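These notes concern the structure reproduced below.
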Amino acid sequence: MPHPLEELRDAALREISDARDVRALEAARVKYLGRSGSISAWGEQMKTLGKDEKPIVGKLLNEVRSALTAAIEERTQAFRAQKEAGALANIDISLPGSTGPTGYSGYSGHSAASVGYSGYLPLERGSLHPLTQMLDRSIDIFRRMGFALADGPDVEDEWHCFDALNTPPEHPARNEQDTFYLPDGRLLRTHTSTVQIRAMQAAPPPMRVIAPGAAYRRDEVDAMHSAQFHQIEGLYVDETVSVGDLKGTLELFMRELFGPDTEVQFRPHYFPFTEPSLEIYVKSKALKRGEQWIEVAGCGMVHPAVFEAVNKARGDHAYDPEKWTGFAFGLGMDRLAMILFDIPDIRLFAQNDLRFLRQFA
Ligand code: PHE
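Structure representation (structure tokens):
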């Protein structure tokens, strides 16, 4: 005569194999193996059994428990395979892997299902964004001239962005129309010149750094203006730095970048933090827009008031304007990349359009 536990096992196995879906299977699992299921009840009952019966029933109970667990696991797998087969039924695995609009294959929806089964995933090779390429080339040129890299935050305070740069409270650049202010009074830096100040606060002269990064202005967005753009700031402070050094450095940079025939022009300008201040224009036959002078940078000799603001913050007189002179510049990276790659519209840099980006791969 079969033991009642064996009868229970057979009934349970039948129920498991009859289960039509995951839900019915789960119901069977709870009924037999759940905390208050029949098998668990037998476990409780063990305590009441005699010495000789205990090991026999205990062994049987273990066998039944693992038989049921295995059966449930097997059914679960079967349901899973069924579901996947159903999903795959709509997919023609002889087609090449699909590529989504982002260029990444198999990371979403339909194509995800095909990943494991087709065994073929045409992962596209990415390439550097034209602005990144431009940045790398520029950094490389300045490195060869002995410039080190400096860095500062995009979210700044007014002091680093304006006050320390000799920009008075009534200056239009500080206006809410021109600058993105945060509710707490901080702002998105309107230029990378903030890093001039941070670098000088951090170390005494001599100083020769460049600082690539983003800047933000509330400009009307058009083909030439974007609310976020990119600059490379430069700062060189030493005992005898002159306008000649400034011109030589930037002329060399432009020629390295655009070719030896590049013409460079310096036109007088005004910035509160440099004196004299200049704007740089380039023209080169090697470029598509060769016959045109294009403005690419602002620059000048560091204003003594900037040194004094830094000294005050440092609490020393490290940047003594009687002893040290310096030049600074801010290169418009988007502008430079547009010239170099003949790109007509600054907005293309941020649109992630692969038809555009692929041209620079
Ligand atoms: N910060 C200036 C701008 O964004 C450029 C500049 C940098 C000018 C350094 C002079 C010196 O327009």
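So for the sequence shown, numbering that gives the first Met the number 0 puts the first residue at 0; every next one is plus one. Beta carbons: idealized from backbone N, C-alpha and C, even for Gly. Here the structure is a predicted model, which is why all the values come from computation and not from measurement.
*Tell me where the beta strand (DSSP E) around residue 229 begins and ends.*
In the DSSP assignment, residue 229 falls within the beta strand (DSSP E) that extends over 227 to 237.
*So what does DSSP say about residue 148, is it helix, strand or coil?*
DSSP places residue 148 in strand when its eight states are reduced to three.
*With 16 other Cβ atoms within 10 Å as the buried cut-off, status of residue 19*: Exposed, by the Cβ-count rule.
_Close-in-space but distant-in-sequence residues of the same chain around residue 103 (CB under 6 Å, 5 per side omitted)_ = Model confidence at residue 103 stands at a pLDDT of 46, short of 50, so the residue's coordinates are unreliable; what they give is reported in the following sentence. No residues qualify anywhere along the chain.
*Verify the contact flag: residue 227, CB atom, against every heavy atom of the ligand PHE, threshold strictly below 8 Å.*
No, the Cβ of residue 227 stays beyond 8 Å of every heavy atom of the ligand PHE.
*Decide if residue 137 is buried, meaning its Cβ has at least 16 other Cβ atoms within 10 Å, or exposed.*
Classification for residue 137: buried.
_Going by DSSP in three states, residue 67 sits in which element: helix, strand or coil?_
In the structure shown, residue 67 sits in a helix (DSSP, three-state: H, G or I).
*In terms of residues, what are the limits of the beta strand (DSSP E) holding residue 251?*
Careful: residue 251 lies outside any beta strand (DSSP E), inside the alpha helix (DSSP H) at 242 to 257.
*For residue 268, write down the residues that DSSP places opposite it in a beta bridge.*
Under DSSP, the beta-bridge partners assigned to residue 268 are 276.
*What is the residue span of the beta strand (DSSP E) that residue 324 lies within?*
Judged by DSSP secondary structure, residue 324 falls within the beta strand (DSSP E) whose first and last residues are 324 to 331.
*Are three or more beta carbon pairs between the segment 314 to 325 and the segment 195 to 207 nearer than 8 Å?*
Counting C-beta pairs with one atom in each stretch, the segment 314 to 325 and the segment 195 to 207 have three or more that are closer than 8 Å, which means they touch.
*Cβ of residue 270 versus every heavy atom of the ligand PHE: is any distance shorter than 8 Å?*
For the ligand PHE, at least one heavy atom lies less than 8 Å from the Cβ of residue 270.
*Between the Cα of residue 275 and the Cα atoms of 229, 355, 326, 309, which residue gives the shortest distance?*
Ranking 229, 355, 326, 309 by Cα distance to residue 275 puts 326 first.
*Let me know the secondary structure DSSP gives residue 10 once reduced to three states.*
Three-state DSSP puts residue 10 in a helix.
*Does the segment 335 to 344 come close enough to the segment 301 to 311 to have 3 or more Cβ pairs within less than 8 Å?*
Output reads no: the segment 301 to 311 does not touch the segment 335 to 344.
*Could you give the distance in angstroms between the alpha-carbon of residue 304 and the alpha-carbon of residue 198?*
Straight-line Cα distance between these residues: approximately 16 Å.
*First and last residue of the beta strand (DSSP E) that includes residue 133?*
That residue, residue 133, is in no beta strand (DSSP E); its alpha helix (DSSP H) goes 129 to 143.
*Indicate the three-state DSSP secondary structure (helix, strand or coil) for residue 281 in the structure shown.*
If DSSP states are grouped into helix, strand and coil, residue 281 belongs with the strands.
*Using a threshold of 8 Å, is the CB atom of residue 232 nearer than that to any non-hydrogen atom of the ligand PHE?*
Yes, the ligand PHE has a heavy atom inside 8 Å of this Cβ.
*Going by DSSP, which residues form a beta bridge with residue 211?*
Note: residue 211 sits in a beta bridge opposite 231.
*With a Cβ-Cβ cutoff of 9 Å, do residue 63 and residue 13 count as a contact?*
Contact flag unset, no.
*Go ahead and pull the three-state DSSP assignment for residue 109.*
Unreliable positioning characterises residue 109 in this predicted model, as indicated by a pLDDT of 44, which lies under 50. A coordinate reading is not provided.
*CB of residue 192 to nearest heavy atom of the ligand PHE: below 8 Å?*
Under cutoff, so the answer is yes.
*With residue 92 as the anchor, note down where its alpha helix (DSSP H) starts and where it stops.*
Taken as a continuous stretch (DSSP letters only), residue 92 belongs to no alpha helix (DSSP H), as it is neither H nor E.
*Using three-state DSSP, classify residue 122 as helix, strand or coil.*
Here residue 122 carries a coil assignment [DSSP, helix/strand/coil].
*From what residue to what residue does the beta strand (DSSP E) around residue 220 run?*
Looking at the DSSP string, residue 220 is not in any beta strand (DSSP E), and its letter there is neither H nor E.
*Do residue 279 and residue 301 come within 9 Å of each other at the CB atom, strictly closer than that value?*
In this structure, residue 279 does not lie closer than 9 Å to residue 301 by Cβ.
*Since residue 294 sits in a beta bridge, which residues does DSSP pair it with?*
In DSSP, residue 294 forms a bridge with 280.
*Should residue 189 be counted as a contact of the ligand PHE given a C-beta to heavy atom distance under 8 Å?*
At least one heavy atom of the ligand PHE is found less than 8 Å from the C-beta of residue 189.
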